[in-house]
Amino acid sequence: MFDRYAADLENTLTLPTLKFALEQIVACAKDEVFYEALKICRAMMETEERLFEYGQQLKEEKGQPDLPPVPDDVDFESLAAKMKARAAADGN
1 MFDRYAADLE NTLTLPTLKF ALEQIVACAK DEVFYEALKI CRAMMETEER
51 LFEYGQQLKE EKGQPDLPPV PDDVDFESLA AKMKARAAAD GN
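Residue 34 in this note's numbering sits at position 34 of the sequence shown; the count goes up by one each step and never skips.
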C-alpha cells in the first residue's frame with residue numbers, strides 16, 4: 001500500500017519533513033494503523049506543495065530571486081548546541 005506513495009513522498013517532501021513523515025509512518029505501522037500513516041503522508045505532501053506554491057507567489061510578487069535551498073547535510077544538533085552556548089554566554 002505504501003509503494004503507491006513512495007515516489008510522491010520522495011519527490012515532494014524536503015528532507016527534514018520526509019524524515020518526520022517516515023518516523024510517523026513507522027510509528028503507525030508498529031501500531032498497525034496503516035490508514036493513519038497514509039493520511040499523514042498525504043497531509044504532509046499537500047502542505048509542502050502549498051508552501052512551495054506560496055513561496056513561488058511571493059517571489060513573483062516581490063520580483064526577488066529564490067532563497068538558496070537548505071542543504072541536506074546540516075548538523076542540527078551541533079547548530080543547536082552552538083546557539084544554546086551563545087545564549088548562555090549572552091545571559092551571563
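Glycine included, C-beta positions come from ideal geometry on N, C-alpha and C.
Asked                                                                         : Found
Local conformation of VAL26 per DSSP, three classes                           : helix
Residue from ALA88, LYS19 and ALA89 whose Cα sits closest to the Cα of PRO41  : The residue asked about is misnamed: residue 41 is Cys in this sequence, not Pro. Out of ALA88, LYS19 and ALA89, LYS19 has the C-alpha closest to the C-alpha of CYS41.
CB of ILE93 within 7 Å of CB of ALA43, strictly                               : This structure gives no information on residue 93, because the portion of the chain shown stretches from 1 to 92.
Inter-residue spacing [alpha-carbon to alpha-carbon] between PHE150 and LYS30 : This structure leaves residue 150 out entirely; the chain is present only between 1 and 92.
THR47 versus TYR54 - alpha carbon distance                                    : 10 Å
Residue range of the unbroken alpha helix (DSSP H) whose run includes GLU49   : 34-62
Cβ-based burial, ALA21 [other Cβ within 10 Å; buried from 16]                 : buried
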